[in-house]
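Step one of this worksheet: look at the structure below.
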Amino acid sequence: MTVNVLPLGDRALVLQQETRGALGWKQMADLAWMLKQRAEAWVIDIVPAYETVTVLYDPATLWREIEQGPEADILLPHQLAERKLRELVENEKTASERDGKVRRFDLPVYYGGHYGPDLEESAERSGLSAAEFVEEHSRVEYTVAMIGFMPGFPYMSGLPEKLEQPRKDVPRSVVPAGSVGIAGRQTGIYPLATPGGWQIIGYTPISMFDKERIEPVLLRAGDRVRFIPVSGGEGRL
39 MTVNVLPLGD RALVLQQETR GALGWKQMAD LAWMLKQRAE AWVIDIVPAY
89 ETVTVLYDPA TLWREIEQGP EADILLPHQL AERKLRELVE NEKTASERDG
139 KVRRFDLPVY YGGHYGPDLE ESAERSGLSA AEFVEEHSRV EYTVAMIGFM
189 PGFPYMSGLP EKLEQPRKDV PRSVVPAGSV GIAGRQTGIY PLATPGGWQI
239 IGYTPISMFD KERIEPVLLR AGDRVRFIPV SGGEGRL
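Under the working numbering, the first residue of the sequence shown carries the number 39, and numbering increases by one thereafter.
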């Protein structure tokens, strides 16, 4: 993989694919996973997105390493961080290393009714009944492409083309936590109550974000997710 390395202030670097592709998000998720496996003390955090991976670093830790080496008078922390990242990327073999280590989640979902107020309209827009829409939405294994928007919000790829939906013309002032929505070719889950413009088709009681957990965010980029319809909403199987 060939990447561009771009500065983001004085404490972060952005790795961006040189050649963009339809599966760019998967390569970014795999790259972020590999970097986390090899992270040294200077790395503070690694944040994958659709076409980038942002690496936050500690300049002081890098300064100490520079001062102990032969380039103390000419090398700066961001230069050393970039050098290390390029070496890792050039030697990466993420796809084979990650095989068998992908996490999978089955999430129960109440579809329709007050859980999914946009299910009927979304189904009609797709030329399906509510039950058919639920069947299509729940038969697919989705991949978490990135976490964004707010803590724990998973943007998931893999939505069947026929289920693609526009964002709402007028966003809701409050979308309840746990709401399962669709926007474009993505499906996602709202981790907290917030304004939002996705088409809401259901609800999961599984918390996406809990600050009391050791790992507050449930899902990570690269995780696989299936939605399991459960009774309690219209359009259920």
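Just so you know, even glycine gets a beta-carbon here, dropped at the ideal spot from N, CA and C.
Item	Value
Using only the alpha-carbon positions, how far apart do Thr40 and Leu166 sit?	43 Å
Please classify Ala60: is it buried, with 16 or more other beta-carbons within 10 angstroms of its beta-carbon, or exposed?	Confidence at Ala60 is low in this model, with a pLDDT of 49, below 50, so the placement of that residue is unreliable and no value is reported for it.
Residues in the same chain with beta-carbon distance under 7 Å from Arg163, minus the five sequence neighbours each way, listed in chain order, please.	Gln203
Please state whether DSSP places Ala155 in a helix, a strand or coil.	In the sequence on display, residue 155 carries Pro and not Ala. Here Pro155 sits in coil by DSSP.
Cβ of Thr99 within 8 Å of Cβ of Leu53?	no
Of all the CB atoms in chain C, is at least one closer than 8 Å to the CB of Trp63?	In summary, chain C is missing from the structure at hand, where a single protein chain is found.
Going along the chain, which residues of its own chain have a beta-carbon closer than 6 Å to the beta-carbon of Ser195, five neighbours each way excluded?	Thr181 and Ala183
Could you spell out the range, first to last residue, of the alpha helix (DSSP H) harbouring Asp111?	No alpha helix (DSSP H) holds Asp111; DSSP gives it neither H nor E.
Given this structure, state the Cα-to-Cα distance separating Arg102 from Glu109, to the nearest angstrom.	12 Å
Any heavy atom of the ligand NAP closer than 7 Å to the beta-carbon of Tyr95?	As for the ligand NAP, it is missing from this structure, which has no ligand bound.
With a threshold of 8 Å, are at least 3 pairs of Cβ atoms found where one atom belongs to the region 252 to 260 and the other to the region 207 to 219?	no
Select from Tyr88, Ile238 and Met72 the residue whose C-alpha is nearest the C-alpha of Phe171.	Ile238
Just verifying my parser: in three-state terms, what is the DSSP assignment at Asp144?	strand
Run the CB neighbour count on Met66, radius 10 Å, all protein chains shown included, and call it buried at 16 or more, exposed below.	buried
Would you tell me roughly how many angstroms separate the C-alpha atoms of Thr160 and Gln75, rounded to the nearest one?	It should be pointed out that residue 160 corresponds to Ser in this sequence rather than to Thr. For Ser160 and Gln75, the distance between alpha carbons rounds to 41 Å.
DSSP on Asp207, reduced to helix/strand/coil?	coil
By the DSSP assignment, the alpha helix (DSSP H) with Ser176 in it spans what residues?	Ala168 to Ser176
Looking at the strands, I want to know which residues DSSP matches up with Val212.	None, per the DSSP bridge assignment.
Just to confirm before moving on: does the CB-CB distance between Pro93 and Leu73 stay below 8 Å?	The identity of residue 93 in the sequence shown is Val, whereas the question assumes Pro. Going by C-beta atoms, Val93 is nearer than 8 Å to Leu73.
What does Ile244 pair with, by DSSP beta-bridge criteria?	Looking at the DSSP assignment, Ile244 forms no beta bridge with any residue, so it has no partner.
Closer than 8 Å by C-beta to Ile84: which residues in its own chain qualify, once you throw out the five before and the five after it? Chain order, please.	Ala70, Leu73, Lys74, Ala77, Val91, Thr92, Val93 and Leu94
Are the beta-carbon atoms of Tyr228 and Gly222 separated by less than 8 Å?	no
Hey, how far is the Cα of Asp96 from the Cα of Ile252?	23 Å
Among Arg124, Val43 and Met246, whose alpha-carbon lies nearest the alpha-carbon of Met188?	Met246
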